[in-house]
Structure formats: C-alpha cells, structure tokens
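Following this note's numbering, the numbering of the sequence shown begins with 94 at its first residue and continues without gaps.
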Amino acid sequence: MGVFFQSATSNAFRIVQVAFIAISAALAYSYVASARDGELRKSCTSLCTMAPDYAGEDRMAPDFELTTTRGSRFRLADQRGKTVLLVFWNTACDACKKQMPALRQLASTLSEEPRFQLLTVAVDESAAEVVSVLEQHTGSKDPFAVALDPDAKVVTGRYGTKMYPETWLIDPAGKIRLRFDGPRDWSSPIAMDVLRGLSRDESCPMTIESMVARGPGARICQEIMP
Numbered sequence: 094m095g096v097f098f099q100s101a102t103s104n105a106f107r108i109v110q111v112a113f114i115a116i117s118a119a120l121a122y123s124y125v126a127s128a129r130d131g132e133l134r135k136s137c138t139s140l141c142t143m144a145p146d147y148a149g150e151d152r153m154a155p156d157f158e159l160t161t162t163r164g165s166r167f168r169l170a171d172q173r174g175k176t177v178l179l180v181f182w183n184t185a186c187d188a189c190k191k192q193m194p195a196l197r198q199l200a201s202t203l204s205e206e207p208r209f210q211l212l213t214v215a216v217d218e219s220a221a222e223v224v225s226v227l228e229q230h231t232g233s234k235d236p237f238a239v240a241l242d243p244d245a246k247v248v249t250g251r252y253g254t255k256m257y258p259e260t261w262l263i264d265p266a267g268k269i270r271l272r273f274d275g276p277r278d279w280s281s282p283i284a285m286d287v288l289r290g291l292s293r294d295e296s297c298p299m300t301i302e303s304m305v306a307r308g309p310g311a312r313i314c315q316e317i318m319p
C-alpha cells in the first residue's frame, strides 16, 4: 500500500511538473507574440493610416538632375544617405495647392533634421507662375525646394506620373519605398512617424502593389482600413 501511494504521489507530482512547464511555455510564447505584435503595430499603424498606394523595397529610384527655382541644380544621386520626399505637382492642380501649407510646415520641421530632403517638382513651363502660386498658397515665394520639369521628362518619362499630386518616398539607399497618390497631410505627426521610421530602417514589413497588401503588416492595414 505504501509503495502504491508513493508511486501515485510521484506520478501526480510529475503531472503537475509537466502542466507547470506547459503553462509557463504558453505564457512565454504569449508574451513574445504580444511583444512582436506591439512592435508590428508601432511600425505599421502610422503608415497604414497614411494609406500608401505602393510600398516596396526592390526598386531603385530613377536618377535625375533638374534646376530649381532658386537657380541651383538638384541631383537625386547626391542625396544618398538621406530620406527623400519627392512631390510631383502642377499649378493647375487644386489638390496640389491645398497641401502646400502642410508642405511648408513639413519643410520647416525637416530643416532641423539634415537626414531628410524635401523636393517638389512642378511640370510647368513658367517659373514665374510657379513662384506666384507658391506665394499665394503659402505666403512665401520660397517655402520649400521646387525643381522645374516643364517637359515632364522626369515626372512622366522616368516615374510614370500623370496625375497630381503624387508623392514618392526614397530611402537612404536610393530605393523607392512608398508612393502616395493624391494629397496627404504632410505636416501631421503621423507623417513624421512614417518618415522617421523609414530613415531608421524601421518601416512596416509590408508590400503594396496594384492595391494588394502583402506581408506581416498587411493585417494591420486591414484592421485600420477594412
């Protein structure tokens, strides 16, 4: 009887041990999974809220060189090491004009952060008209860098843009990471989260092509914008 009792007690103890180990493992896995989900949401929530039309990391941005309204030359290849925000627009585009105050505010913010470069490219023939529109909608003739591409050889010829405004984000390695069709509030904290995440290589692990999102971050976007 004593031997049987000891054996039963030993078996019960082993069962408790196994159960404890299983519960501990489950809790540890749950903690790790929760932490990973938290990191994913941190890197993806702002980006998904901005609703990009393209996201990827396997396309190099076509290089170009254009003259700005300041009279200087801008070459994209010279910006390696910086996160570049390219905004394509024209003076006939009402949506372009509406986002100009936000771009001016963004330019002011980025002026204190040398790892970023903002360039807008106007597909207009008249530099005077471009400057006039800038002054009318931002209160300044020179609120941010503007390059001129009157024949759209860069905007349409190299980037394929035909509708405005269109914004491209290029990472420090010169790769196209994001594209936004239409206006966005580039002065918002959410926009800065996206820019800073890209500059630190902490962007959301997700690709978007032909309006289809793939990758771990896709479900975050689906939750935010079902």
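The beta-carbon is built from N, C-alpha and C at its ideal position, and this holds for glycine as well. Bear in mind that the values here come from a model prediction, so they are computed numbers and not experimental data.
Determine the extent of the alpha helix (DSSP H) in which residue i is found, giving its start and end residues.
i    : result
G149 : Run containing G149: none in the alpha helix (DSSP H); it sits in the beta strand (DSSP E), 147–153.
D187 : 187–191
How is residue i classed by DSSP in three states: helix, strand or coil?
i    : result
V287 : helix
F134 : The amino acid at residue 134 is misidentified as Phe; the sequence shows Arg. Helix.
A215 : strand
E222 : helix
R312 : helix
E158 : strand
T142 : helix
Contact check, residue i vs residue j under 8 Å by CB: the rounded distance?
i    : j    : result
P276 : Q192 : 4 Å
V177 : V214 : At roughly 12 Å, the Cβ-Cβ gap does not stay under 8 Å, so V177 and V214 are not in contact.
L323 : L212 : With the chain running from 94 to 319 in the structure shown, residue 323 is simply not present.
Which residue's Cα is closest to the Cα of residue i: the options?
i    : options                : result
V226 : F157, I317, T300, W182 : W182
M142 : V305, R307, D278       : According to the sequence provided, residue 142 is Thr. The question's Met does not apply to it. Ranking the options by Cα distance to T142, first place goes to D278.
T160 : P298, D187, D244, E206 : D244
S233 : I317, G174, A200, R168 : A200
How is the beta strand (DSSP E) around residue i delimited, first residue to last?
i    : result
A306 : 305–307
I'd like to check one pair, residue j with residue i: are the Cβ atoms closer than 9 Å?
i    : j    : result
L133 : G310 : yes
A154 : A306 : no
F273 : P194 : no
I317 : T138 : yes
F269 : R152 : Note on residue identity: the sequence assigns Ile, not Phe, to residue 269. Yes, the pair counts as a contact, with Cβ atoms nearer than the cut-off.
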